[in-house]
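Take a look at the structure below.
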Amino acid sequence: IQNTEPVVAICSVYSQSSFGSEVVKFIRQPEKKDIPIILVAGAEHSDALREAISLGADDYMAQHITASEIVGRIRQALN
3 IQNTEPVVAI CSVYSQSSFG SEVVKFIRQP EKKDIPIILV AGAEHSDALR
53 EAISLGADDY MAQHITASEI VGRIRQALN
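So the sequence shown is numbered by the working numbering: it starts at 3 and just counts up by one.
Here you go:
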């Protein structure tokens, strides 16, 4: 993310790690704030997911998601 210009960020959220929240904080810095962020998490990681959403993530998906749903969510995020 530091050396490229992604059009969308998709990252996994785990309750034992603050990775998802850290990615959201980093992307929401002014120079990258327009990058849509989609999180992927299982139901057992709902606290970490809520935290990342509150920090500015745009959408989330269940961990067991189909390819067509991923494509649909990405298209929606880019519109």
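A virtual CB, placed ideally from N, CA and C, is assigned to each residue, including glycine.
- The C-alpha of residue 5 is placed about 23 Å away from the C-alpha of residue 15.
- Per the Cβ contact rule, the region 31-50 is in contact with the region 60-73 (3 or more Cβ pairs under 8 Å).
- Under a 10 Å Cβ-count criterion, residue 77 is classified as exposed, with fewer than 16 other Cβ atoms of the shown protein chains found around its own Cβ.
- Taking the Cα positions, residue 9 is about 19 Å away from residue 54.
- In the structure shown, residue 59 adopts coil according to DSSP, grouped into three states.
- For residue 51, the closest of 23, 81, 71, 35 by C-alpha to C-alpha distance is 23.
- Counting along the chain, the unbroken beta strand (DSSP E) around residue 40 starts and ends at 39-43.
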